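Asker: For the working numbering, add 36 to where a residue sits in the sequence shown, where the first one is 1.
Ideal placement from N, C-alpha and C gives every residue a C-beta, glycine not left out.
Since this is a predicted model, take the numbers as computed values, not measurements.
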Amino acid sequence: MKNQAEQLEQELTEKLTLTFGKQLKEATTKDMFQVVCLVMKESIHANWQKTKQLYRETNSKQVYYFSMEFLLGRLVESNLLNMGQLETYQQALRSLGFDPERVFMEEHDAGLGNGGLGRLAACFLDSLASLQLPGNGMGIRYKYGLFQQKVVDGYQVELPDYWLKDEYMWETKRSDRTVEVRFGGTVETSFEHHKLQFHHHDYERVLAIPYDVPIVGFQNETVNTLRLWSAESTANHFHFHSSRGHDYYHYLDYKRSVEKISEFLYPDDSTYAGKVLRLKQQYFLVSAGLQSILQQCKQKALPMEQLSRHVVLQINDTHPSLVVPELMRLLLDEEGLGWDEAWAITTETVAYTNHTTLNEALETWPKDMIEMLFPRIYLIIEEINERFCQSLWHDYPELRDKIAELAIISYDQIHMAHLAIVGSFSVNGVAELHTRILKERVMKSFYTIFPERFTNKTNGITHRRWLMNCNPGLARLLTEAIGDSWIKDADRLADIIPFSSDRGFQEAIAEVKHDNKKKLAAYIYQHARIPVNEQSIFDVQIKRLHGYKRQLLNVFHIIHLYQRCLENPALEFTPRTFIFGAKAAPGYTFAKHVIKLINAVADKVNHHPLVKEKLKVIFLENYQVSLAERIIPAADISEQISTASKEASGTGNMKLMMNGALTIGTEDGANVEIQQLVGEENIFTFGLTSDEVFALQQHGSYRARDYYNQDRRLQQILDLFVNEHFTSDDVEFKDIFYSLLYNNDEFFVLKDFDSYVHAQRCVDATYRNQEKWLEKSIINIGRSGTFASDRTIREYAADIWNIHPPASR
Ligand code: 26V
37 MKNQAEQLEQ
47 ELTEKLTLTF
57 GKQLKEATTK
67 DMFQVVCLVM
77 KESIHANWQK
87 TKQLYRETNS
97 KQVYYFSMEF
107 LLGRLVESNL
117 LNMGQLETYQ
127 QALRSLGFDP
137 ERVFMEEHDA
147 GLGNGGLGRL
157 AACFLDSLAS
167 LQLPGNGMGI
177 RYKYGLFQQK
187 VVDGYQVELP
197 DYWLKDEYMW
207 ETKRSDRTVE
217 VRFGGTVETS
227 FEHHKLQFHH
237 HDYERVLAIP
247 YDVPIVGFQN
257 ETVNTLRLWS
267 AESTANHFHF
277 HSSRGHDYYH
287 YLDYKRSVEK
297 ISEFLYPDDS
307 TYAGKVLRLK
317 QQYFLVSAGL
327 QSILQQCKQK
337 ALPMEQLSRH
347 VVLQINDTHP
357 SLVVPELMRL
367 LLDEEGLGWD
377 EAWAITTETV
387 AYTNHTTLNE
397 ALETWPKDMI
407 EMLFPRIYLI
417 IEEINERFCQ
427 SLWHDYPELR
437 DKIAELAIIS
447 YDQIHMAHLA
457 IVGSFSVNGV
467 AELHTRILKE
477 RVMKSFYTIF
487 PERFTNKTNG
497 ITHRRWLMNC
507 NPGLARLLTE
517 AIGDSWIKDA
527 DRLADIIPFS
537 SDRGFQEAIA
547 EVKHDNKKKL
557 AAYIYQHARI
567 PVNEQSIFDV
577 QIKRLHGYKR
587 QLLNVFHIIH
597 LYQRCLENPA
607 LEFTPRTFIF
617 GAKAAPGYTF
627 AKHVIKLINA
637 VADKVNHHPL
647 VKEKLKVIFL
657 ENYQVSLAER
667 IIPAADISEQ
677 ISTASKEASG
687 TGNMKLMMNG
697 ALTIGTEDGA
707 NVEIQQLVGE
717 ENIFTFGLTS
727 DEVFALQQHG
737 SYRARDYYNQ
747 DRRLQQILDL
757 FVNEHFTSDD
767 VEFKDIFYSL
777 LYNNDEFFVL
787 KDFDSYVHAQ
797 RCVDATYRNQ
807 EKWLEKSIIN
817 IGRSGTFASD
827 RTIREYAADI
837 WNIHPPASR
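#1: Please look up how many angstroms separate the CB atoms of L60 and T124, rounded, as I've assumed it's under 8 Å.
#2: Using only the alpha-carbon positions, how far apart do V188 and E608 sit?
#3: Can you give me the start and stop residues for the beta strand (DSSP E) that K186 sits inside?
#4: When the Cβ atoms of the segment 486-502 are set against those of the segment 774-794, are three or more pairs found closer than 8 Å?
#5: For I439, collect the residues of the same chain with a Cβ closer than 6 Å to its Cβ; drop the 5 residues on either side in sequence, then sort them by chain order.
#6: Report the residue from S293, L810, N635 and A128 whose alpha carbon sits nearest the alpha carbon of N19.
#7: Would you report the Cα separation of I139 and D197, rounded to the nearest angstrom?
#8: Using a Cβ-based criterion (distance less than 6 Å to any ligand heavy atom), does G583 qualify as near the ligand 26V?
#9: Say the cut is 6 Å; is the CB of T392 nearer than that to a heavy atom of the ligand 26V?
#10: Less than 7 Å between the beta carbons of F250 and W84, yes or no?
#11: What's the call for C798, buried or exposed, on a 16-neighbour Cβ count within 10 Å?
#12: Would you say E603 touches the ligand GTP, meaning its beta carbon is less than 6 Å from a heavy atom?
#13: Take R580 as the anchor and find which of L182, M364, R528 and I753 has the nearest alpha-carbon.
#14: What is the rounded straight-line gap between the Cα of A638 and the Cα of F655?
#15: Pull up the DSSP beta-bridge partners for D197, would you.
#16: Less than 7 Å between the C-beta atoms of I815 and N718, yes or no?
#17: I'd like the list of long-range same chain contacts for V591, defined as Cβ closer than 8 Å, with 5 residues on each side in sequence excluded.
#18: If you compare alpha carbons, which of F320, T383 and L313 is closest to E341?
#19: Give the C-beta separation of K671 and V576 to the nearest angstrom, bearing in mind that I take them to be a contact with Cβ-Cβ under 8 Å.
#20: The ligand 26V and V466: does any heavy atom of the ligand fall closer than 6 Å to the residue's C-beta?
#21: Can the beta-carbon of E703 be found closer than 7 Å to that of A680?
#22: What are the uninterrupted segments assigned as alpha helix (DSSP H) that are 4 or more residues long and contained completely in the segment 134-167, given in chain order?
#23: Please state whether the Cβ-Cβ distance between N642 and K652 is less than 7 Å.
#24: Considering only C-alpha positions, which residue in the set E240, N779, I836 and F320 is nearest to S344?
#25: On the criterion of 16 or more Cβ atoms from any shown chain inside 10 Å, does T261 qualify as buried, or is it exposed?
#26: Start and end of the beta strand (DSSP E) containing S462?
#27: In the DSSP assignment, what are the bridge partners of F720?
#28: Going by beta-carbon coordinates alone, are I416 and M364 separated by less than 7 Å?
#29: Would you say the segment 310-325 touches the segment 66-76, given that touching needs at least three Cβ pairs under 8 Å?
#30: Considering Cα atoms alone, identify which of F757, Y100 and D788 is closest to N838.
#31: Please list the terminal residues of the continuous alpha helix (DSSP H) segment that includes W522.
#32: Select from P611, A453 and P136 the residue whose C-alpha is nearest the C-alpha of R804.
#33: Rounded to whole angstroms, how far is the Cβ of Y738 from the Cβ of K787, which I believe are closer than 8 Å?
#34: Under 8 Å Cβ to Cβ from T49, same chain only, skipping five residues before and after it: list those, please.
#35: How should S226 be labelled, buried or exposed, when 16 other C-beta atoms within 10 angstroms of its C-beta is the threshold for buried?
#36: Does the ligand 26V have a heavy atom nearer than 6 Å to the CB of G519?
If you want it as structure tokens, here you go:
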């Protein structure tokens, strides 16, 4: 009798011959990766079919998570883990003479997202499937994901991310589910059968082709669907639907303009060129997604009036908020329903998640642009706005002076968040503090009108990827100590808290961390050629580069330490390795200057004879999901230092905590909840509170210059910028200097500096007492179960979606 791994060896070898006509000794790791995927897909696809059938037979209500971003990373290992096959495959690959890790690394990260918002969507899909919930993703199959980052001479350089270069092993093209999306043209009205009818002419036809990706649940045979839409031209476009001539060059222009729709993921930067294209992408996702959902309902002969009993549409930020008018359009024009009926259905079906309160990140679109691109949708938005403003006038006399502020259309702009709130039954924030700020400040008047709509759903992360998969050493240790119940129920991680003061367990935790640090050190050496001390504190800040996230504050502290070392070479503190990973939006000049600054400081610090044994600064290039998976298990300190009130939640904070890092952070986003869970003594909190930030902003009483004038340390640091200490051509650092001293330091870097330095001293002192440190680390791991996305998804399912696992399983 062959064991499982031996059987698998045979299957893999056979598949290799069948697919590539190769023998084992001729196979490359890439061949092997593809063969592994092909063999896995046989069982995944069987379960996929069964799951779809089960949902059909049980008539299950389904949630569709509409998102412009899904940051999946690699799937091979997490799929194997969820299938319960990871060890078998690893064993079989080793016997066949392959290093499993290298085989898995052949998979190109699917980087269809910018940061937290996109990764959250991916974690949610994992949890939906793992909880056997009928839930699907709707997204765009961008031909190029988020740019690949290279660092050249300290500067960020962007390269296209052609992730589809080799075939994407997980997708299945579903040409049979193609739908048509229409852009531009004109709308005419007529009065027929006692009803106003709308006719759309001269539009551009775009084919939306779905590519389905299976989402494998954790050891439960559930396989859900992520549907990614790709835009294609249609050969008979001019022939049938345009009054324009149909010469060949016209056709090529048309083809090009259509294919552009699903070509690029846009970075989250307001200064990008081609806004029109981004808006087209949003409508493309929404229209294709909704049409396919309604088609499925019709196939099941469900009456449209009951749509909300069978379907719920969750929109990930306002990017897909055109679902509101698009669903109205389909119900009115295609299904022939009346306005009130269609409106009731729409507002019972759509739910909206807000992910930011930053003013510059709240989406608005010029009304002319919407009118030009989607003339019928524009008319519907106008009507929604008209009716909403009317109802404000009649039902809320006390808000009459606020109508302009609340309107969906004002000053020729369409406010997408207003559209999303008015058109949905649920509005949620992503952490307690964030939801409070929405209710009390940013969306206060909407909260007065629709108090029942607002809820909080604190974000989460999948502990399968972010603990079991990326930190197998820790996972093993936890299971040895408390059994494996935490795997199915992350709250059981709390069972290790009684071990937090157990010396033996502490030692074991320290050993795992040290192993992980060794591995990361090897990676750093291989990629950056910088040797790092494995005994040093690994201090990690990994996230998008943004002013409000304050990587600059971190750099200031590093420069401060550097100067203290120079002043006093005998200065005693635990050596530190500062590790950064961050991409800056290509058009965000300030952020790019900060990257250059980090690298310039790194250059000095890493080579200075008086400093290099104590401090190291590492900027790891091309931060992405697979790199996060290497860094997080090795972190001692988690930097969560945003200006209070600005970070809606953060999710990196949760991942690092779950892997035993201690947080140094402001009272912002989910940091507040981390603090509540672990207690003040197990986190390093510093800085202004969100209320203090609001007060300073309101009174305009902050004077950054005073802090510079009064704090010698800040003078020293900033003077290095202008004195060209770091590079000789440092225009970029003068730009940073100006933003702080002439633009009055929008993000309160100077204001929080002293408090941050103090907190960092506490970090150093605490780390010296390893027993205490490890105790805190274990308590952090133990309390992190709350941040499993399974908890978040259970809350969404129960409080918003009203969906359940199908009864018969
Ligand atoms: C967008 C933009 C666009 C214009 C320029 C400035 C700017 C800044 C930020 C954003 C972010 C938009 C929404 C977003 O990604 N929010 C993130 O969502 C995560 C998941 O809920 C959450 O953990 C992060 O705190 C939040 O920033």
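Answerer: Concretely, from the data shown:
#1: The beta-carbon distance between L60 and T124, rounded to whole angstroms, is 18 Å. This is too long to meet the 8 Å contact definition.
#2: V188 and E608: Cα-Cα distance of roughly 34 Å.
#3: In the DSSP annotation of this structure, the continuous segment of the beta strand (DSSP E) that includes K186 starts and ends at G181 to V188.
#4: With the cut-off at 8 Å, the segment 486-502 and the segment 774-794 do not touch.
#5: Beyond the five residues adjoining it in sequence on each side, I439 comes within less than 6 Å, by CB distance, of C425 and L428 in the same chain, given in chain order.
#6: Only positions 37 to 845 of the chain appear in the structure, and residue 19 is not among them; the question remains open.
#7: Looking at the sequence provided, one finds Val at residue 139 rather than Ile. If you take the alpha carbons of V139 and D197, they lie about 20 Å apart.
#8: Flag unset: Cβ of G583 not near the ligand 26V.
#9: Checking the Cβ of T392 against the ligand 26V gives yes.
#10: Note that residue 250 is Pro in the sequence shown, not Phe. The beta carbons of P250 and W84 sit closer together than 7 Å.
#11: So C798 counts as exposed.
#12: The model on display carries the ligand 26V but not the ligand GTP.
#13: Of L182, M364, R528 and I753, the residue nearest in Cα terms is L182.
#14: Going by the C-alpha atoms only, they are around 8 Å apart.
#15: Paired residue(s): G181.
#16: Yes, these two residues count as a Cβ contact at 7 Å.
#17: For V591, where only same-chain residues beyond five positions count, the Cβ hits under 8 Å are V630, L633, I634 and V637.
#18: Of the listed residues, the one whose Cα sits closest to E341 is T383.
#19: Just to set this straight, residue 671 is Ala in the shown sequence, not Lys. The beta-carbon distance between A671 and V576, rounded to whole angstroms, is 4 Å. This is short enough to meet the 8 Å contact definition.
#20: For the ligand 26V, at least one heavy atom lies less than 6 Å from the Cβ of V466.
#21: With contacts defined by Cβ atoms closer than 7 Å, E703 and A680 form a contacting pair.
#22: Here the runs fully enclosed are 136-140 and 152-166.
#23: Yes, the Cβ-Cβ distance between N642 and K652 is below 7 Å.
#24: Per the Cα distances, I836.
#25: Label assigned to T261: buried.
#26: Residues S462 to G465.
#27: According to DSSP, F720 bridges with I700.
#28: In this structure, M364 lies closer than 7 Å to I416 by Cβ.
#29: The segment 310-325 and the segment 66-76 do not touch, with fewer than 3 CB-CB distances between them shorter than 8 Å.
#30: For N838, the nearest C-alpha among the options comes from Y100.
#31: That run of the alpha helix (DSSP H) goes S521 to K524.
#32: Among P611, A453 and P136, the Cα nearest to that of R804 belongs to P611.
#33: Y738 to K787, Cβ: 7 Å. Contact.
#34: These residues qualify, in order along the chain: L60 and L132.
#35: Exposed, since its Cβ has fewer than 16 Cβ neighbours within 10 Å.
#36: No, the beta carbon of G519 sits no closer than 6 Å to any heavy atom of the ligand 26V.
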